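Chains as they are written, first to last, in my numbering: chain A, 657 to 1040; chain B, 657 to 1040.
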């Protein structure tokens, strides 16, 4: 793939970490997975209530298939005391592929998250036997008395990763949305059963980009330029155990940016925090191509957005998939074309809006509006 | 001063770093210096245009005296190529006391800031001769290629402090609004001519408090819990070269929190950053007492908010000042009383609002509204 390539053939893109929500929000954004160029979505279980049983997972999967039948929805369960080894075996039989662990309170809908892993060892043993994947949100909760804040919460988590990997060497583990050089190094040092997802937005952002810019605020927060460089470098090296998990996480714009509305005499914005999450699903494949090209890794795009993750998870490419470079791309190959001039093609919309949908609830007011990452900016690639 | 004290006598509080703005904003907040318990305000020159001549400084001082004659306004100049040794001598004669250096682009109205100090050595020589103070905004500009971001910008600046101090050992220098353990250590290691201001809000905040909360976003950003601990510790130790400079920096609420208003199709909040600054003037002395008590340093309050700074700057206590503990406090002593129960006394207002003032301009819309730090929270002390 030369530097002057104007067309990219990407085999069956797979996003191994997506939040597709419920209700009206889901109706708005679940179809964006496909629109953003992705054929497979590995779905996070932090809904309200969380997906904690096989039955719930299958119902959620059915809902998503109804909204967006063109997408392969892969389901996960939420790690909590409700989860038993028996449930793991049942879930595995039903096609549920992973279990997601959230430390308590660190991100959206994580109030039921875990505090101590040892209580879950029987569950992990069952997962190891069933070949299910453990997906780790790798942050410990902030605790000023222990010196822990959002900046070092990921580094402080890595001892848990090492301990779990040592105790369950055959358990497949994914450290999700790595943001630090320390996390990259930790996963590189693990054996073949441990992989790592990286989001698109953490390839673009540093702390300076979310300081005073709620639109770029997410958990884990983007960190130092040297951390971003480590994420870029491991992709540029083509490391096979690092791949895309977008962590695309839509929030209604009103919760992303608390307004000047007052509660009593105090503005809401002085009391409530902006929701943490960056929304990328709708623009994901062109965004990944644009970002990887920006740091000289365009030749690693297929590995990053498809083959590395599919290999780790054991999700074969579709049977119609053609190799990149074939004259007639088969139906599972997504073709990207270089955007030659600034204009509507490749321009990120200001917002995605759903109005008057049957799934809307009173709390949605009259519409659901999500502002994407890079709103209004120009992407270098567009889906053909 | 015992732990059960219910009344504090604070001699002539002095805030050695305040932003009092211009126009309608100034009309709203300049009187707050006195209302917040402070008798002396050392005024920052980053107005629009910046205060870069003696004439401007005197005009600005006259404006402030007109608005709030009860406050002693001490003026500074903005370090820029417009500043000459001759101007320094003239300024000194006119009672201007300091020169503020802003690295280019790191905070509000700093576009004209400096990039290299050596060009200013003749100015610093004149300042040394005139016994003027150099006030340093101690951050280098962010530069991802050099690994510099808002988190390490202060630490990266400290070599400039050391270099200036070595070259001008008699020049009095204040490292403003220190936020890191590294900065505290650097100033501790300097000789008697180098001091350091600490804001009230940096004694409360860590990075977690401004992550997703624009109301707590300021420059320099609050950092790790260990950094906050270093700030608290040096105050608790009663180090005489560390004292309050509130960096109270009001912004209209609308610029603190970009709205969902769209520019074309893209929400403004996706494009513009929230203004950096935390507003504390109006509640400053009760806030300082509340914070210092929270980490066991209430007995260091007088040093922190008055005598340490006055000693460094050579601003004598007013002749009527009584020592703490006297039965009849003289008029320069401010008395604080412990707030015994939750209620309106000691409750921080949700906003300070100015409507229909003669200094309002079209850009002010119909009112100027500033949301203070800790809006709606309860303070432990109130001014009698």
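For glycine and all other residues, C-beta sits at the position ideal for the given N, C-alpha and C. As the structure is a computational prediction, the values presented were derived from the model and not from experiment.
Burial state of residue i, where buried means 16 or more other Cβ atoms lie within 10 Å
i              : result
residue 791/A  : buried
residue 1003/B : buried
residue 686/A  : buried
residue 752/A  : buried
residue 843/B  : buried
residue 645/A  : As displayed, chain A neither begins before 657 nor continues past 1040, which places residue 645/A out of reach and without an answer.
residue 819/A  : exposed
residue 760/B  : exposed
residue 972/A  : exposed
residue 822/B  : exposed
residue 715/A  : exposed
residue 799/B  : exposed
residue 705/A  : exposed
residue 1012/A : exposed
residue 749/A  : exposed
residue 870/B  : buried
residue 845/A  : exposed
residue 1059/B : Outside the shown range of chain B, which is 657 to 1040, sits residue 1059/B, and nothing can be said about it.
Within-8 Å CB hit, residue i to chain A
i              : result
residue 950/B  : no
residue 657/B  : Since pLDDT at residue 657/B reaches only 47, below the 50 mark, its modelled position is unreliable, and the value read off the structure follows with that caveat. Chain A, which has no Cβ nearer than 8 Å to the Cβ of residue 657/B, makes this no.
residue 723/B  : no
residue 882/B  : yes
residue 813/B  : no
residue 806/B  : yes
residue 1012/B : no
residue 921/B  : yes
residue 968/B  : no
residue 930/B  : yes
residue 1027/B : yes
residue 898/B  : no
residue 953/B  : no
residue 941/B  : no
Cβ of residue i within 8 Å of any chain B Cβ
i              : result
residue 798/A  : yes
residue 869/A  : yes
residue 612/A  : Since the first residue shown for chain A is 657 and the last is 1040, residue 612/A is missing from the structure and cannot be characterised.
residue 1005/A : yes
residue 864/A  : yes
residue 894/A  : no
residue 890/A  : no
residue 746/A  : no
residue 926/A  : yes
residue 859/A  : no
Distance between beta carbons of residue j and residue i, contact taken as under 8 Å
i             : j              : result
residue 700/B : residue 744/B  : In fact, because the Cβ distance is near 18 Å, the residues do not count as touching under 8 Å.
residue 757/B : residue 733/B  : Their Cβ separation, rounded to whole angstroms, is 10 Å, which puts residue 757/B and residue 733/B out of contact at 8 Å.
residue 905/B : residue 764/B  : 7 Å
residue 953/B : residue 992/B  : No, residue 953/B and residue 992/B are not in contact; Cβ-Cβ is about 15 Å, not under 8 Å.
residue 989/B : residue 741/B  : About 40 Å; that fails the 8 Å criterion.
residue 903/A : residue 673/A  : 5 Å
residue 863/B : residue 805/A  : 5 Å
residue 680/A : residue 927/A  : The Cβ separation is near 26 Å, so there is no contact.
residue 875/A : residue 1027/A : Residue 875/A to residue 1027/A, Cβ: 18 Å. No contact.
Pair within 8 Å by beta-carbon distance, residue i and residue j
i              : j              : result
residue 773/B  : residue 816/B  : yes
residue 683/A  : residue 727/A  : no
residue 839/A  : residue 852/A  : yes
residue 880/B  : residue 807/A  : yes
residue 813/B  : residue 796/B  : yes
residue 1043/A : residue 868/A  : No answer is possible for residue 1043/A: the residues shown for chain A start at 657 and end at 1040.
residue 995/A  : residue 938/A  : no
residue 966/A  : residue 670/A  : yes
residue 1025/A : residue 1040/A : no
residue 936/A  : residue 943/A  : yes
residue 878/B  : residue 865/B  : yes
residue 803/A  : residue 950/B  : no
residue 873/A  : residue 1007/A : no
residue 677/B  : residue 703/B  : yes
residue 998/A  : residue 1034/A : yes
residue 827/B  : residue 780/B  : yes
residue 754/B  : residue 940/B  : no
Query raised in the report: Contact between the stretch 880-891 of chain A and the stretch 949-962 of chain A: three or more CB pairs below 8 Å?
Result: Using a C-beta cut-off of 8 Å, the stretch 880-891 of chain A makes contact with the stretch 949-962 of chain A, since at least three inter-stretch Cβ pairs fall below that distance.
Report task. Would you check if the stretch 1021-1032 of chain A and the stretch 893-911 of chain B touch, i.e. whether three or more CB-CB distances between them fall below 8 Å? Result -> no
Query raised in the report: Is the stretch 920-929 of chain B in contact with the stretch 856-863 of chain B, if contact means three or more CB pairs nearer than 8 Å?
Result: no
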